[in-house]
Every structure is written in C-alpha cells, then in structure tokens.
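Structure record follows, encoded as structure tokens.
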Amino acid sequence: MMDSFVSPSLVSASGVIAAFAAGHTDLKKPTDASLMPFSFDVVAGYIDSAWDWSTLVAEVNNSTWKAHTVLGAVEGKESLGGLFNPTTTTKGNKVVLLAGSSDAQKEGLEWKWDSLKLKLVVGEVTKPTASEPNQWIEWTEFKSLWSQVSVSAHERQFRGLLPSGGSGVLMEDGTLVFPLMAGDKSENIYSMIICSTDNGSNWALSEGMSSADCLNPRVTEWEDHFS
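Numbering follows the working numbering, with no gaps: position 178 of the sequence shown is 178.
Given below as structure tokens:
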C-alpha cells in the first residue's frame, strides 16, 4: 500500500478520465537493511466520464477501486529505480505520459542517486465494455528520451532533466509540449520545454530557457502560442 501521492495530473480521452500521480511508499522499518527507505511509482486511477456524481462516489468508495501502476520502479537489494513528476497530455484516443527517472545504487550504508533522465510511455484508450478499469488504457513499453536529447543537454552542461508535473499541451498544429526543469553541474535549476512535432517519435529541447532557479514551470496554449 502506498503512503502518499504527489504531482497529480488529470486527462480525459475517449470517455475515460485518468488521474495520475507519483505514488510514494515509505519503508519506515525495512526488514532488509539494504532496502531504500522509500520508493516512487507512477500510478493512475480510472473514471468513466459517463458516471454521475453518486456513481463516482460509490465506485471510489468500493474496495475494488484503486490506483493502478503505469510505470513501476525496479527494486533490488543493491539498486532501486525512482519515478517522479508524471506529466500528461492527450492526442486523440492516446494518453502521453512523461516522467523523470533515476536509479539509486547502494554504496556501503548509503544510497547514491544517478542523474535524472526522461521516460515516455503512451497509452491507447480501448475501454472494452466488460473490462476492469485497469484495462481501459493499454500502455506501451516505456522508452528513454535521453539518447534524443543528450547531445543538446551535454552542450549546455545539464546533468539531469525532470518534468515539472501536471499537464503538457497539445498545440493546434499537433505539437506535443511538456514543461521541464534542467539542472547543471553547479546545481542551478532552469525551466524549459521539450516538444515533438511527429506524434512523439522524436523529441527536442527548446533553445531558450529561464534564468537560474526558476522552478516548477507550467505551460498553456494561447492563440497558437504557448507560455
């Protein structure tokens, strides 16, 4: 059971409403001293947009309604993966989810986190009439975007990239846009965007970015522009 949820986002596609969050599990008293004291997964709760308020309340109060894992951290005795700040948008009947990921390695009695990188996963709303809610969206395998943006990131001496959480934007011309934070070796944090003009096949970092220590950016479309 998860202890808390952070970085929520909400999308609606083809009659399904999906609420996403990073699910936090606190291992307060791990039985194995080599386990991390906490972990994060990306989880989602699914709602039928046809439900009225009383139906929604009844479903949520039903013991079978729960958050389902979309992206799970890989756990081991000497390593662990963490997933952070799920950020979502939709295009047609597809849900596009971008999350930050980092692996931790055990060194002696301490854990050391690697640099933050980006993982993308796309889900297609199928919603079979007789299915359980966790089958309403079929998710593809995640893919890492680091290979596509690493050259640009290294040129600017970025050590890690992290989505800001919340919602991305689908522009009128079909461009997918997500807000990001980038950290450099001096531990300065900058806000910028990452975008795709070909339905998520290829991604590029924006040329511009904020001044240092501008955190938690959000994006919105306004008259064919975003801000």
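Each residue gets a CB set at the ideal place from its N, CA and C atoms; glycine is no exception.
Pair within 8 Å by beta-carbon distance, residue i and residue j
i    : j    : result
F5   : A18  : no
S293 : L205 : The structure shown does not extend to residue 293, since the chain is modelled only from 1 to 227, so the question has no answer here.
L71  : V42  : yes
L120 : G100 : no
Through-space distance from residue j to residue i, alpha-carbon basis
i    : j    : result
W51  : W222 : 31 Å
S79  : K106 : With a pLDDT of only 48 at S79, under 50, the local geometry of the prediction cannot be trusted, and no value is derived from it.
G123 : N199 : 13 Å
N188 : D173 : 33 Å
T25  : G82  : 11 Å
I194 : L97  : 13 Å
S147 : A58  : 45 Å
L162 : R218 : 13 Å
P8   : G45  : 11 Å
Bridge partners - residue i, DSSP secondary structure assignment
i    : result
L215 : According to DSSP, L215 bridges with nothing at all.
A44  : F20, H68
V6   : A22
P179 : I193
Contacts around residue i, its chain only, beta-carbon distance under 8 Å, and the 5 residues preceding and following it disregarded
i    : result
S12  : A18, S49, T90
D184 : R156, Q157, F158, R159, Y190
N202 : Q148, S196
6 Å CB neighbourhood of residue i in its chain, flanking five on each side removed
i   : result
N61 : none
S14 : N93, V125
Own chain partners of residue i with C-beta closer than 7 Å, once the 5 adjacent residues on each side are dropped
i    : result
N216 : S164
F142 : L71, K119, L120, V121
W113 : S102, A104
Starting from the N-terminal side, write out each stretch of the beta strand (DSSP E) that is 3 residues or longer and does not extend beyond the stretch 104 to 166.
The qualifying runs are 110 to 113, 117 to 125, 137 to 139, 158 to 163.
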